[in-house]
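Here is the structure we will look at.
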Amino acid sequence: MNWYKGNIAEAVAESKAKNAIFVVYVEGKDESTQKLSNFINAQKIREKLESDDFVAIKIESDSQAYMQFATIYQVVPVPSIFFIGKTGTPLEIGTGIIASIGELEEKINKVLTLSGHSTPSTQSSSTFITAEQNAAASKLTTQKESPDAPSADNKSPSTSKSTTETVSAVKQDDQTEIICDGDVCYKKPKEQKEDIVSADEKPQCSTNQGENRNEVDAKAQLEEARKKMEEQRRKRIEEEKQLEKERELRRRREGKEMQSLQEWQRGQELKELKV
Numbered sequence: 001m002n003w004y005k006g007n008i009a010e011a012v013a014e015s016k017a018k019n020a021i022f023v024v025y026v027e028g029k030d031e032s033t034q035k036l037s038n039f040i041n042a043q044k045i046r047e048k049l050e051s052d053d054f055v056a057i058k059i060e061s062d063s064q065a066y067m068q069f070a071t072i073y074q075v076v077p078v079p080s081i082f083f084i085g086k087t088g089t090p091l092e093i094g095t096g097i098i099a100s101i102g103e104l105e106e107k108i109n110k111v112l113t114l115s116g117h118s119t120p121s122t123q124s125s126s127t128f129i130t131a132e133q134n135a136a137a138s139k140l141t142t143q144k145e146s147p148d149a150p151s152a153d154n155k156s157p158s159t160s161k162s163t164t165e166t167v168s169a170v171k172q173d174d175q176t177e178i179i180c181d182g183d184v185c186y187k188k189p190k191e192q193k194e195d196i197v198s199a200d201e202k203p204q205c206s207t208n209q210g211e212n213r214n215e216v217d218a219k220a221q222l223e224e225a226r227k228k229m230e231e232q233r234r235k236r237i238e239e240e241k242q243l244e245k246e247r248e249l250r251r252r253r254e255g256k257e258m259q260s261l262q263e264w265q266r267g268q269e270l271k272e273l274k275v
């Protein structure tokens with residue numbers, strides 16, 4: 001699998017520029033990781049993930065990149081593969097319990113459908129749905145002429161449900177977005193375009209308050225991410241200082257032992273000379 005070579009912030013920018021799905025594979029060191037890696041490296045999976053529809057990056061579970069990613073999404077299983085939409089919301093998450101290449105392929109096809117990227121399978125589904133919608137429209141026209149005719153909506157509940165679920169998922173995905181400031185990335189609520197309403201229906205001050213609140217939340221998330229990274233750096237520095245102290249004490253102890261040994265050897269040599 002050819003993974004994106006840059007860091008997370010660069011991969012996010014690349015996916016936004018290409019209007020592609022952002023994929024993050026969190027790799028561990030256990031058997032589940034090996035199994036999931038084998039599925040990902042399968043030819044049919046690679047062809048999809050290496051296409052222009054995706055920007056895929058791999059991070060190690062014990063790396064700084066993983067810690068940064070975990071500050072954004074809180075719960076990040078190892079191993080796992082995240083399919084993230086253009087606004088930063090995961091469209092699908094696969095974990096080590098994926099049982100087959102076919103199951104992973106189904107997740108990828110679902111992600112392509114939710115994100116609006118076209119594939120042969122989704123095109124066929126769209127054609128079928130369009131045909132049903134046209135038939136429903138025709139029946140609704142007939143219903144106006146014959147009031148006793150059955151409703152077309154009752155004829156295709158599965159299609160309505162599928163369409164509603166897809167629209168709901170897309171709307172949810174539009175609520176947030178990933179923002180990167182240098183090497184630090186965080187997720188913030190997306191600014192919503194307000195519909196034009198009269199002053200008595202929705203005061204302008206409420207819109208301003210909402211925008212201010214979103215800005216405050218975004219700054220708070222960024223500050224929290226920076227604090228966590230600073231805390232991790234501080235811990236590493238303290239650990240390095242402690243290790244250096246231990247090494248210095250060991251060097252002094254070994255020096256004293258060597259000095260004692262040399263004094264003992266000189267003493268033995270003097271005794272032999274006197275004899």
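Residue numbers for the sequence shown follow full-length UniProt numbering, so the first one is 1 and each next one is one higher. C-beta: ideal position from N, C-alpha, C; glycine also. Note that the coordinates shown come from a computational prediction; the quantities given were computed from them, not determined experimentally.
| query | result |
| --- | --- |
| Span separating the alpha-carbon of Val-23 from that of Ala-56 | 4 Å |
| Per DSSP, the bridge partner or partners of Lys-58 | Tyr-25 |
| Member of Ile-93, Arg-253, Arg-247 whose CA lies at the smallest distance from the CA of Tyr-73 | Ile-93 |
| Endpoints, beta strand (DSSP E) assigned at Thr-33 | It is not in any beta strand (DSSP E) - Thr-33 instead sits in the alpha helix (DSSP H) that spans 31-40. |
| Alpha carbon of Pro-79 to alpha carbon of Ser-260, nearest angstrom | 54 Å |
| With 16 other Cβ atoms within 10 Å as the buried cut-off, status of Gly-88 | buried |
| Cβ contact (3+ pairs, closer than 8 Å) linking the segment 97-104 and the segment 36-48 | yes |
| Cut-off 7 Å between Cβ atoms - residues of its own chain near Asp-53, not counting five sequence neighbours on either side | Ala-20, Ile-21, Leu-112, His-117 |
| Proximity to Leu-49 [Cα-Cα], best of Glu-257, Ser-15, Gln-68 | Ser-15 |
| Three-state secondary structure assigned by DSSP to Gly-94 | strand |
| Ser-63, buried or exposed, once every other Cβ within 10 Å from all chains shown has been counted against 16 | exposed |
| Same chain, Cβ closer than 7 Å to Glu-105, neighbours up to 5 away in sequence not counted | Lys-44, Ile-45 |
| Three-state secondary structure assigned by DSSP to Ser-80 | strand |
| Pair within 8 Å by beta-carbon distance, Gly-96 and Ser-37 | no |
| Where Gln-221 falls, given that 16 or more other Cβ within 10 Å makes a residue buried | buried |
| Contacts around residue 278, its chain only, beta-carbon distance under 7 Å, and the 5 residues preceding and following it disregarded | The structure shown does not extend to residue 278, since the chain is modelled only from 1 to 275, so the question has no answer here. |
| Outcome for Glu-244 when other beta-carbon atoms lying within 10 angstroms are tallied against a minimum of 16 | exposed |
| C-alpha distance - Trp-3 paired with Glu-60, whole-angstrom precision | 13 Å |
| Run of the alpha helix (DSSP H) containing Val-111, from where it starts to where it stops | 101-115 |
| Selected residue, minimal CA-CA separation from Lys-86, among Lys-107, Asn-109, Lys-110, Leu-114 | Leu-114 |
| Burial state of Glu-12, where buried means 16 or more other Cβ atoms lie within 10 Å | Just to set this straight, residue 12 is Val in the shown sequence, not Glu. With 16 or more Cβ atoms within 10 Å of its Cβ, Val-12 is classed as buried. |
| Cutoff 6 Å; reference Met-1; Cβ partners in own chain excluding five residues on either side | Ile-40, Asn-41, Arg-46 |
| Beta-carbon proximity check, Ala-65 vs Ile-108, cutoff 8 Å | no |
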